[in-house]
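Working notes for the structure below.
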Amino acid sequence: MNGGIYQGNEFSSSYFQTNKQYILKLDPIAKDVKKAMKQLVLYFDKSSYQVSEVKVLDNSNGFTRFVFSNHKLNEAIADAVFEL
24 MNGGIYQGNE
34 FSSSYFQTNK
44 QYILKLDPIA
54 KDVKKAMKQL
64 VLYFDKSSYQ
74 VSEVKVLDNS
84 NGFTRFVFSN
94 HKLNEAIADA
104 VFEL
């Protein structure tokens, strides 16, 4: 994965849902992606459709989990924040 335009042939996908979430599981097909991870799981809040969690399973059955909270959508950021 390199941040290029997604061509749709690097993952197979499956979709699930619970009472509160939509869950998208992405299993790598491309050999180079398979080397980097076993599975990528995205959790979306049903009420806002925002990503609430990302789970990356590695090839040794460990995982990294990112949980997003206190979402702020399109909030203004002062130009001064970007000054050096």
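So the number in the numbering used here is just where the residue sits in the sequence shown, counting from 1, plus 23.
We put the CB at the ideal spot given by N, CA and C, even for glycine.
If you run the structure through DSSP and keep just helix, strand and coil, what is residue i?
| i | result |
| --- | --- |
| F91 | coil |
| D102 | helix |
| L80 | strand |
| L49 | strand |
| Q73 | coil |
Could you check where the alpha helix (DSSP H) with residue i kicks off and where it finishes?
| i | result |
| --- | --- |
| V56 | K54 to A59 |
The beta strand (DSSP E) that contains residue i, what's its start and end?
| i | result |
| --- | --- |
| L65 | Q62 to D68 |
Let me check understanding here. Comparing Cα to Cα, which of the options lies closest to residue i?
| i | options | result |
| --- | --- | --- |
| T41 | A59, N32 and Y66 | Y66 |
| F39 | K48, S92 and G31 | K48 |
Can residue i and residue j be called in contact, C-beta distance under 9 Å?
| i | j | result |
| --- | --- | --- |
| V79 | L63 | yes |
| K69 | K43 | yes |
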